[in-house]
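All remarks here apply to the structure that follows.
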Amino acid sequence: MFLQEITTYINVEKDFGDIVQVKLEKYDAPWFCRYIQVKSPYGKSFEFPCYRWLEKEEVVIREGSATLPQDDNDVLKKQRQEELQCRQTKFRWIQERKGFPQSLDDKPDGLPRDVRRVLETIDTFSSYFQSWDEMADFEKILTDYDIKKTLLVHVMEDWYTDYMFGYQFLNGCNPDMISKCVNLPEKFPVTHEMVKGSLQRGLTLHEELKEGNIYIADYEILDELEANKHQNTQYYLTAPICLLYNNRLNQIVPIAIQLRQKPEERSPIFLPSDNEHDWMLAKMWVKSSDFNVHQLVTHLLKTHLISEVFEVAMYRQLSTVHPVYKLLVPHVRFTIAINSVAREKLISKDGVFSKISSISGKGINDLMEKARNTCTFKSMCFPEAIHARGMENTPKYYYRDDGMKIWDAINGFVDQVIKIYYESDETVQKDVEIQEFVKDVSVYGMLDSDGKKFPQSLNTREELIEYLTAIIFNASAQHAAVNFGQFEYYGWIPNSPSTMRKPPPQEKDSVDLNFIMDTLPDRGCSRDLVGIAWDLTRFQGKEV
1 MFLQEITTYI NVEKDFGDIV QVKLEKYDAP WFCRYIQVKS PYGKSFEFPC YRWLEKEEVV
61 IREGSATLPQ DDNDVLKKQR QEELQCRQTK FRWIQERKGF PQSLDDKPDG LPRDVRRVLE
121 TIDTFSSYFQ SWDEMADFEK ILTDYDIKKT LLVHVMEDWY TDYMFGYQFL NGCNPDMISK
181 CVNLPEKFPV THEMVKGSLQ RGLTLHEELK EGNIYIADYE ILDELEANKH QNTQYYLTAP
241 ICLLYNNRLN QIVPIAIQLR QKPEERSPIF LPSDNEHDWM LAKMWVKSSD FNVHQLVTHL
301 LKTHLISEVF EVAMYRQLST VHPVYKLLVP HVRFTIAINS VAREKLISKD GVFSKISSIS
361 GKGINDLMEK ARNTCTFKSM CFPEAIHARG MENTPKYYYR DDGMKIWDAI NGFVDQVIKI
421 YYESDETVQK DVEIQEFVKD VSVYGMLDSD GKKFPQSLNT REELIEYLTA IIFNASAQHA
481 AVNFGQFEYY GWIPNSPSTM RKPPPQEKDS VDLNFIMDTL PDRGCSRDLV GIAWDLTRFQ
541 GKEV
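Just so you know, the sequence shown maps onto residues 1 to 544 in my numbering.
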């Protein structure tokens, strides 16, 4: 019976003293054991948390108090080592795809039962390959969804405005792309004459740069990636650069867009003063690029895949009685299972992304390698990431404001927990499990053999506190920020087209609304995108 509590009385002839471990053996059907509680004749209680499946095996369970390895006696140290050796045979590293970080070597059905998770089937719609007739037709996809109380209603109303376009760089699905622009890059030769009609303070472009009112979003990471082709439909991909301006209303709005990385005659700089359709399509190209970077880098790599690296290393190197294991496991325990299904259903050769992304399978591998090579531990630390992009004082940047509060709260909690168990920096240095955990993450998980991007050891309590804060923050708050808004922003296809079916324009005054409609995702791709955006933003059973 599920959740049945069983009480067993065992008579002994003498007092055993404090009980430090129990052994369980289960040889029949699988059994999930939550915990074992032992009460002595003298009223003392000992609790042994298990919270694992037992399946034709013998398990030794430690009493629930958290301990560091150096604080155990020789018998308990041996038990810890045997536990980790057993786990390391179950949790093995593999690089499933070139360019990706390493992950758990197993398929969804073969995952260790303790981390397996039944996920809802990913809904996709049947494919149709005709263009939509007009913008209003995109509403037809949403008839099965209750959108009245969502932000999507406002996105549908205002998606074409420069204000809504700029707002999403601050508080949309991908709020990590925008940076303060101090000097214009040579590859983006915007002049004052081009943008003077957009500047509102009576200053030149150079003066606005000095005042800190100019921002940039550069999609260089997409340059020269192979574009996707789905069935008979060729998709197109580009690497745009977008210049943005903080106007007198403290609104971030676009003022110039170049659709390629190199300035050339066939790559004009599009401006708000251009005709309506030119400017609309240029913004759509930026949003399409942003969608692909968001899904594959900001979301998949930097929250899912890197969190899996920490989870695998945790299972391999930290005993279940280690205080850091107890601290981390609630935040990462479902990541392996979710990612395993994602690799099979979403980013595989025939997965959903092969239908809705502008980037080919080879292109995704190359993108991941580029992104992984620029990813460092310090880039996972929220305050430093904000500072690196010069975004400390940008107005109406609610992602930053809320993120800093959550980072500080997590950091304060971790600080209190760590200082219970680690009396000094020396205690950290002597913790062999922590040192092996950190090394496993760097050398094997992130393939950073020289330790230049991810540390291979921790020497102080403050380093350990920051390290754990970053893991928890990225698995929880950061993932929530870049995941749960997808349906609201991607549910209206013209706002963030995942694919583009015509190449970017090479000259101005060459497009009309029909051209735009033929460029946007077709009906089948649109339906798949809305379905997956809806599915990815549903809360799971015990998710807060």
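Even glycine gets a Cβ: it sits at the ideal position worked out from N, Cα and C.
On a Cα-Cα basis, can you pick out the residue from the options that is closest to residue i?
i: Glu-96; options: Asn-275, Leu-305, Ser-424; result: Leu-305
i: Phe-100; options: Val-59, Glu-488, Arg-248, Thr-374; result: Thr-374
i: Ala-66; options: Ser-442, Leu-328, Asp-350, Asp-274; result: Leu-328
i: Asn-292; options: Glu-82, Gln-429, Tyr-219, Asp-408; result: Tyr-219
i: Ser-360; options: His-230, Gln-81, Asp-105; result: His-230
i: Glu-433; options: Met-314, Lys-370, Ser-510; result: Met-314
i: Phe-46; options: Cys-33, Trp-53, Gly-64; result: Gly-64
i: Asp-223; options: Phe-169, Ala-481, Asp-366, Asn-275; result: Asp-366
i: Pro-240; options: Arg-400, Lys-283, Tyr-35; result: Lys-283
i: Lys-378; options: Gly-451, Asn-213, Ile-257; result: Gly-451
i: Asp-425; options: Val-443, Thr-519, Leu-458; result: Leu-458
i: Leu-259; options: Val-286, Leu-520, Leu-249, Ser-449; result: Val-286
i: Arg-400; options: Phe-169, Pro-263, Ile-36; result: Phe-169
i: Asp-512; options: Gln-435, Phe-48, His-277, Glu-55; result: His-277
i: Asn-11; options: Phe-32, Leu-184, Lys-39; result: Lys-39
i: Pro-263; options: Phe-91, Gln-81, Leu-184, Arg-92; result: Leu-184
Please report the straight-line C-alpha distance between residue i and residue j, rounded to a whole angstrom.
i: Asn-411; j: Glu-466; result: 7 Å
i: Ser-179; j: Ala-217; result: 6 Å
i: Asp-522; j: Tyr-235; result: 11 Å
i: Glu-507; j: Leu-529; result: 30 Å
i: Thr-191; j: Ala-337; result: 51 Å
i: Trp-534; j: Tyr-490; result: 9 Å
i: Asn-393; j: His-387; result: 10 Å
i: Met-164; j: Lys-355; result: 27 Å
i: Lys-502; j: Lys-453; result: 39 Å
i: Pro-455; j: Lys-405; result: 26 Å
i: Pro-494; j: Asp-176; result: 21 Å
i: Val-75; j: Val-352; result: 51 Å
i: Lys-302; j: Thr-8; result: 48 Å
i: Glu-226; j: Met-380; result: 28 Å
i: Tyr-422; j: Ile-6; result: 37 Å
i: Pro-69; j: Thr-537; result: 40 Å
i: Val-414; j: Thr-427; result: 16 Å
i: Lys-326; j: Phe-382; result: 23 Å
i: Asn-514; j: Ser-348; result: 33 Å
i: Ala-470; j: Trp-53; result: 30 Å
i: Trp-279; j: Phe-270; result: 6 Å
i: Lys-370; j: Asp-509; result: 35 Å
i: Tyr-545; j: Asn-174; result: Here the chain has residues from 1 to 544 only, and residue 545 is not among them.
i: Arg-372; j: Arg-389; result: 18 Å
i: Tyr-42; j: Gly-531; result: 60 Å
i: Tyr-128; j: Cys-525; result: Low local confidence applies: a pLDDT of 33 at Tyr-128 is under 50, so the model's placement there is unreliable, with the coordinate-based value given in what follows. Rounded to whole angstroms, Tyr-128 to Cys-525 spans 8 Å at the Cα level.
i: Ala-342; j: Leu-244; result: 34 Å
i: Asp-290; j: Thr-376; result: 21 Å
i: Ile-19; j: Leu-468; result: 31 Å
i: Val-321; j: Met-368; result: 35 Å
i: Pro-30; j: Glu-55; result: 5 Å
i: Asn-228; j: Leu-346; result: 15 Å
Look at the Cβ atom of residue i, then the Cβ atom of residue j, and state whether they are nearer than 8 Å.
i: Ser-307; j: Asn-474; result: yes
i: His-331; j: Asn-483; result: no
i: Leu-296; j: Ile-364; result: yes
i: Ile-252; j: Pro-272; result: no
i: Gln-85; j: Gly-445; result: no
i: Ser-288; j: Ser-498; result: yes
i: Pro-323; j: Val-417; result: yes
i: Gln-261; j: Lys-187; result: yes
i: Leu-150; j: Glu-488; result: Here residue 150 turns out to be Thr, not Leu, going by the sequence shown. Yes, they are a contact pair.
i: Glu-57; j: Ser-319; result: no
i: Val-443; j: Leu-104; result: no
Strictly by DSSP, which residues pair up with residue i?
i: Pro-254; result: Leu-244
i: His-230; result: Thr-233
i: Phe-32; result: Trp-53
i: Asp-218; result: Ile-241
i: Lys-23; result: Val-60
i: Phe-46; result: Val-38
i: Lys-180; result: Tyr-215
List the whole-angstrom C-beta distance separating residue i from residue j, where the pair is believed to meet the contact cut-off of C-beta under 8 Å.
i: Gly-202; j: Gly-485; result: Rounded, the Cβ-Cβ distance is 36 Å, inconsistent with contact.
i: Cys-181; j: Leu-209; result: 6 Å
i: Gln-21; j: Val-59; result: Not confirmed; about 10 Å, so no contact.
i: Pro-505; j: Leu-281; result: 7 Å
i: Phe-612; j: Val-441; result: This structure cannot speak to residue 612, because the chain is shown only from 1 to 544.
i: Arg-87; j: Arg-316; result: 6 Å
i: Trp-492; j: Leu-152; result: 6 Å
i: Asn-246; j: Pro-395; result: 7 Å
Quick check: is the beta carbon of residue i nearer than 8 Å to any beta carbon in chain D?
i: Val-329; result: Absent from the structure is chain D; it holds one protein chain and no more.
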